[in-house]
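Colleague:
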Amino acid sequence: MINSLFGKDLTTVDSLTSADLELIWTKSGEMQEIVNRKKSDNRLQGKITAMLFFEPSTRTFSSFLTAVQRLGGGSLPFNGMKNTSVEKGESFEHTIRVFSVYADCLIIRHPEIGYPARAAALTDNPVINAGDGAGEHPSQAVFDTYTILKRFPEKKELTVTLAGDLKYGRTVHSLSKLLLKCGRKITFNLVSPLMLSMPSQITEALERNSSVRRTDQLKEAVNGSDVIYMTRVQKERFNDPDEYEKLKSFYRLNKSLLTGANKEVIIMHPLPIAAGEISPEMDNDPRSLYLNEQLKNGLSVRMALLDLILNP
Ligand code: CP
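Adding 133 to a residue's 1-based position in the sequence shown gives its number in the working numbering.
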């Protein structure tokens, strides 16, 4: 099979085709053996990845780092740019050009929308967007989609509830767009307070290619959903702290709310859970995937992406 991802950037899910996704699913399946048995490989030997995280991260940073290390590659890991010359005022452009000389691939998280794409224009090395402000989080969306498709391999029609901060939540921006490319008929329940609605250009794209229902009531959307994808209200994107305080605990998913839900429903969250949007009583519930399956798939998909992007 031709590797259409070799040498490519992943700054938005818009660039991914259905054929790319098939390639990623196949490669992720291969990687699962390594993830499940905590084994290693040497397919990234001699490749160096610069991880430039201008904004905090636990999972994205650590899972990309783990992925590189399990595959025998090297890394320049910066979880925050403290102790780099960014602190002395070095520009984003110069920082990217410098790391482009040292590394084969740049994985960039930035608080501003569009910075990974800006980096991609400055370097010939592939750039992976690890989250750009309230923009996108493509690698998260790839493994979230993988998780959903693996759970429902035969279901041609899926009802997916996206709930919480749909305005600033970059994971749901990427996930909703990517689900349109996976060959299933999707019904989206977009659940948010009015002030945290999905950006109109994304909603319009969803409406053109799927069924969309909008509500601010989570209970209304739960029954009949195959997937309930909760998100954190993104405190760091608010200018007004009082507004955040009013909205942060708008939803709380718990066992009681799930009375009447589909037997096979899955609960997902990109994490962190920061304001009780999923009750701790759900953490060990078999329907919850956010502390197990979703994380494991994150690792195997990121290993697959690195292998595909860095090896012909
Ligand atoms: N899901 C996610 O992006 O988590 P981190 O912010 O911890 O990387």
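We treat Cβ as the ideally placed atom computed from N, Cα and C, and that holds for glycine.
Please go through the stretch 254-335 and give each complete alpha helix (DSSP H) segment of 4 or more residues, from N-terminal end onward.
Modeller: Taking only runs of at least 4 residues, the alpha helix (DSSP H) segments lying wholly in the stretch 254-335 are 271-284, 303-312.
Colleague: Could you compute how far the alpha carbon of Glu290 sits from the alpha carbon of Asn169?
Modeller: 30 Å
Colleague: Check whether the Cβ of Thr191 lies closer than 7 Å to any heavy atom of the ligand CP, and answer yes or no.
Modeller: Under cutoff, so the answer is yes.
Colleague: Flag His243 as yes when its Cβ comes closer than 7 Å to any non-hydrogen atom of the ligand CP, and as no otherwise.
Modeller: no
Colleague: How many whole angstroms separate the CB atoms of Ser208 and Thr182, which I take to be in contact at a CB cut-off of 8 Å?
Modeller: 5 Å
Colleague: If you follow the alpha helix (DSSP H) that Ala354 is in, where does it begin and where does it stop?
Modeller: 351-355
Colleague: Nearest by alpha-carbon distance to Ile241: which of Pro189, Arg341, Lys221, Lys283 is it?
Modeller: Pro189
Colleague: Going by CA-CA distance only, name the one from Leu177, Asp257, Val219, Pro244 that's closest to Lys141.
Modeller: Per the Cα distances, Asp257.
Colleague: Under 7 Å: does the beta carbon of Gln178 sit that close to some heavy atom of the ligand CP?
Modeller: no
Colleague: Evaluate contact between the stretch 378-395 and the stretch 337-355, counting only Cβ atoms and requiring at least three cross-stretch pairs below 8 Å.
Modeller: yes
Colleague: Report the three-state DSSP secondary structure of Thr199 (helix, strand or coil).
Modeller: helix
Colleague: To which residues of the same chain is Tyr248 closer than 6 Å at the C-beta, ignoring the five residues directly before and after it?
Modeller: Taking Tyr248 as the centre and dropping the five residues before and after it, the same chain places the C-beta of Asp265 closer than 6 Å to its C-beta, in chain order.
Colleague: What residue from Gly268, Ala274, Ser233 has the CA that sits closest to Ala254's CA?
Modeller: Ser233
Colleague: Provide the residue span of the alpha helix (DSSP H) that contains Ile159, from first to last.
Modeller: Going by the sequence as given, residue 159 is Thr instead of Ile. Counting along the chain, the alpha helix (DSSP H) containing Thr159 begins and ends at 151-170.
Colleague: What do you get for Leu239, buried or exposed, if any count of 16 or more other CB atoms within 10 angstroms of its CB means buried?
Modeller: buried
Colleague: Gly140: beta carbon under 7 Å from a heavy atom of the ligand CP?
Modeller: no
Colleague: Bridge partners for Leu143 per DSSP, in chain order?
Modeller: Answer by DSSP bridge pairing, in chain order: Ile261.
Colleague: With a floor of 4 residues, list each alpha helix (DSSP H) that falls wholly inside the stretch 374-428, ordered by position along the chain.
Modeller: 374-380
Colleague: In terms of residue numbering, what span does the beta strand (DSSP E) encompassing Ser208 cover?
Modeller: Its beta strand (DSSP E) spans residues 207-212.
Colleague: Just reading off the alpha helix (DSSP H) that Val231 is part of, what are its end residues?
Modeller: Unbroken alpha helix (DSSP H) run through Val231: 225-235.
Colleague: Exposed or buried, what is Asp416 when buried is set at 16 or more other beta-carbons lying within 10 Å of its beta-carbon?
Modeller: exposed
Colleague: Can you pull the DSSP bridge partners for Arg346?
Modeller: Asn322
Colleague: Whole angstroms is fine: what's the gap from Ala437's alpha carbon to Met164's?
Modeller: 7 Å
Colleague: Just to confirm the assignment, what range does the beta strand (DSSP E) spanning Met363 have?
Modeller: 360-363
Colleague: Let me check you understand the geometry: is the CB of Pro259 closer than 7 Å to at least one non-hydrogen atom of the ligand CP?
Modeller: no
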